[in-house]
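Have a look at the structure below, then the notes.
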Amino acid sequence: MTGDTDNKFLNVGVLIIATLLVAKLISTLIMPRSQKRLPPVIKGWPLIGGLIRFLKGPIVMLREEYPKLGSVFTVNLVNRKITFLIGPEVSAHFFKAPEVDLSQQEVYQFNVPTFGPGVVFDVDYSIRQEQFRFFTEALRVNKLKGYVDQMVVEAEDYFSKWGDSGVVDIKYELEHVIILTASRCLLGREVRDKLFDDVSALFHDLDNGMLPISVLFPYLPIPAHRRRDRARKKLADIFASIINSRKCASESENDMLQCFIDSKYKDGRPTTESEVTGLLIAALFAGQHTSSITSTWTGAYLLRHNEYLSAVLEEQKNLMKKHGNKVDHDILSEMDVLYRCIKEALRLHPPLIMLLRSSHSDFSVTTRDGKEYDIPKGHIVATSPAFANRLPHVFKDPDSYDP
Ligand code: HEM
109 MTGDTDNKFL
119 NVGVLIIATL
129 LVAKLISTLI
139 MPRSQKRLPP
149 VIKGWPLIGG
159 LIRFLKGPIV
169 MLREEYPKLG
179 SVFTVNLVNR
189 KITFLIGPEV
199 SAHFFKAPEV
209 DLSQQEVYQF
219 NVPTFGPGVV
229 FDVDYSIRQE
239 QFRFFTEALR
249 VNKLKGYVDQ
259 MVVEAEDYFS
269 KWGDSGVVDI
279 KYELEHVIIL
289 TASRCLLGRE
299 VRDKLFDDVS
309 ALFHDLDNGM
319 LPISVLFPYL
329 PIPAHRRRDR
339 ARKKLADIFA
349 SIINSRKCAS
359 ESENDMLQCF
369 IDSKYKDGRP
379 TTESEVTGLL
389 IAALFAGQHT
399 SSITSTWTGA
409 YLLRHNEYLS
419 AVLEEQKNLM
429 KKHGNKVDHD
439 ILSEMDVLYR
449 CIKEALRLHP
459 PLIMLLRSSH
469 SDFSVTTRDG
479 KEYDIPKGHI
489 VATSPAFANR
499 LPHVFKDPDS
509 YDP
């Protein structure tokens, strides 16, 4: 290379750097500065620091960051930003915003291979809203009243096998009685009476196919996902045949399966077999772990706190004086002490520890000490009932069980 060529390269290099510097200077001086008051960001290694912190567990991260950063802050997860809104002052928008502003669909996509195609987070909001209406109708008080008798049969049958004393694993026992009840009230008599073991095993595979990694990569070709997909297909076949035989025999049962078979969209279209199966799987997923976690914690707290256990038993003795051995929906609703014991277990251990939305428009929040932050669209927005339910400015002695 000659000295001339060297000089040319040098000149071009200097010109490029100078142009970039001038462009940056002009943009800083002339372009309007962003007026946004962005939330503070969790510090960590570049690129993957936030992800590592998040994967260590969101509650651990919140415990460390809330005292430092306050009730609104952002964590960078590689290519996404999650902004946390913690506590009633800043989380109202999270719970009240319409779907066009904060939506569930993108952030809960990882459920699609489990629930199946054409339902819940696989469909757009207008259809999803109608499917949520099917859930709501299937869980209305008049329907619940009909399920209580079946729940009582299951519970009495199950607990009659317990002796008068002994040791049980309360988590295992309550999970079991709840899946039995759910089978009867949700999935229907056919499954409960004839197919319980097969269907439970398939649900087990579906359940085990929902791993932390599945949230980020739901279709990763790993054995757990393959078992999940096989189980989903077998369940679809089982329910297709049950639905068909109910329709052919013009039979009608009092369960959630029947509600979904009978549900109709606004335009009069009935649900398909595949939609009914997907909605049932979604209902079982929504109800099984939430209910068993809540009842296990309630049981554990009552066993720990004799004074509350005695109050619950006293309430039931009084109700038995009034109603005898009868148990129905209205009598259960009279169990106010038990209700408060369950609600307090739910406060301390809400089964869904973190809720997510995807933000489609900018919004602002004001913290309780008056700081204002702008959350830009494109952020994932998160709140954590598990953390917020123990804030000391909201609950006195937040960690103690006090129904
Ligand atoms: C202790 C028991 C339960 C708890 C703590 C619980 C908690 C929750 C929470 C926090 C949400 C909102 C999720 C979000 O906004 O991102 C939710 C939604 C939902 N749950 Fe439950 N759940 C329980 C039992 C059940 C049961 C038994 C069923 C049905 C059999 C059910 C069906 C649903 C459905 C369909 C939705 C979506 C509705 C909507 O977003 O409008 N849940 N649940």
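Under our numbering, the first residue of the sequence shown is numbered 109, with each subsequent residue one higher.
Beta carbons: idealized from backbone N, C-alpha and C, even for Gly.
Any non-hydrogen atom of ligand 1 within 7 Å of F240 CB: For F240, the shortest separation between its Cβ and any heavy atom of ligand 1 lies below 7 Å.
Local conformation of N92 per DSSP, three classes: Any answer about residue 92 is impossible in this case: the structure gives the chain only from 109 up to 511.
Residues that DSSP places opposite V384 in a beta bridge: Beta-bridge pairing links V384 to no other residue.
Ranges of the alpha helix (DSSP H) found wholly within the stretch 258-315, counting only runs of at least 4: Within the stretch 258-315, the complete alpha helix (DSSP H) runs of at least 4 residues are 278-290.
Burial state of L328 (16 or more Cβ within 10 Å): So L328 counts as exposed.
Cβ-based neighbour list, H437, same chain, cut-off 8 Å, excluding 5 preceding and 5 following: Answer for H437: V249, L252, K253, V256, listed in chain order.
One or two residues paired with D482 in a DSSP bridge: In the DSSP output, where bridge partners are listed per residue, D482 has S472.
Residues of its chain near K374, where Cβ-Cβ distance is below 8 Å and the 5 sequence neighbours each way are ignored: The residues are E238.
Residue burial classification, M139 (beta-carbon count within 10 angstroms, cutoff 16): Model confidence at M139 stands at a pLDDT of 48, short of 50, so the residue's coordinates are unreliable; what they give is reported in the following sentence. Under this definition M139 is an exposed residue.
Stretch pair the stretch 355-371 + the stretch 282-302: three plus CB contacts closer than 8 Å: Segments in contact, yes.
Distance cut-off 7 Å: A391 Cβ against heavy atoms of ligand 1: A391: yes, Cβ under 7 Å from ligand 1.
Cα-Cα separation, T491 to T380: Their Cα atoms are separated by approximately 35 Å.
Residue from A357, E480, R448, I235 whose Cα sits closest to the Cα of L387: L387 has its Cα closest to that of I235, out of A357, E480, R448, I235.
Own chain partners of A494 with C-beta closer than 7 Å, once the 5 adjacent residues on each side are dropped: I167, P458, I461.
The stretch 188-208 in contact with the stretch 167-179 per 3-pair CB rule at 8 Å: Taking 8 Å as the limit for Cβ pairs, the verdict is that the stretch 167-179 does touch the stretch 188-208.
Contact the stretch 224-231 vs the stretch 255-272: 3+ CB pairs below 8 Å: Using a C-beta cut-off of 8 Å, the stretch 224-231 makes no contact with the stretch 255-272, since fewer than three inter-stretch Cβ pairs fall below that distance.
Classification of F203 by the beta-carbon crowding that lies within 10 angstroms, buried from 16 upward: Looking at its Cβ environment, which holds fewer than 16 other Cβ atoms inside 10 Å, F203 is exposed.
Alpha helix (DSSP H) runs wholly inside the stretch 356-408, at least 4 long, in chain order: Whole alpha helix (DSSP H) segments, 4+ residues: 364-370.
F243 CB to nearest heavy atom of ligand 1 below 7 Å: Yes, ligand 1 has a heavy atom inside 7 Å of this Cβ.
First and last residue of the uninterrupted beta strand (DSSP E) at L463: 463-467 is the span of the beta strand (DSSP E), which, as asked, contains L463.
V149: first and last residue of the uninterrupted beta strand (DSSP E) it sits in: First-last for V149: undefined, no H or E at that position.
I369 beta carbon less than 8 Å from that of I389: Cβ atoms of I389 and I369: not closer than 8 Å.
CB-CB length for L159 against L177, believed under 8 Å: About 18 Å separates the CB atoms of L159 and L177; that is not less than 8 Å, and the two are not in contact.
Own chain residues within Cβ distance below 6 Å of Y409, not counting five before or after: Excluding positions up to five away in sequence, the list reads A453, Y509.
Distance cut-off 7 Å: L247 Cβ against heavy atoms of ligand 1: If you check the C-beta of L247 against ligand 1, you find a heavy atom less than 7 Å away.
Closest by C-alpha distance to N433, when choosing among G165, V260, Q143: Comparing alpha carbon positions, the residue from G165, V260, Q143 closest to N433 is V260.
Simplified DSSP state of S179, which is helix, strand or coil: Coil.
A490, enclosing beta strand (DSSP E) - first and last residue: Counting along the chain, the beta strand (DSSP E) containing A490 begins and ends at 488-491.
Closer than 7 Å: A394 CB and nearest ligand 1 heavy atom: Correct: A394 has its Cβ closer than 7 Å to ligand 1.
Endpoints, alpha helix (DSSP H) assigned at N497: Careful: N497 lies outside any alpha helix (DSSP H) and carries neither H nor E.
Own chain partners of R82 with C-beta closer than 7 Å, once the 5 adjacent residues on each side are dropped: The structure shown has nothing for residue 82, since the chain only spans 109 to 511.
Unbroken alpha helix (DSSP H) run spanning A419, endpoints: Here the alpha helix (DSSP H) through A419 covers 414-431.
Cβ-Cβ distance between V473 and V198 below 8 Å: Yes. Within cutoff.
Bridge partners - T191, DSSP secondary structure assignment: T191 pairs with T182, V489.
Own chain residues within Cβ distance below 8 Å of R336, not counting five before or after: Answer for R336: P221, T222, D313, L314, N316, G317, M318, listed in chain order.
Any non-hydrogen atom of ligand 1 within 7 Å of T379 CB: Not one heavy atom of ligand 1 sits closer than 7 Å to the Cβ of T379.
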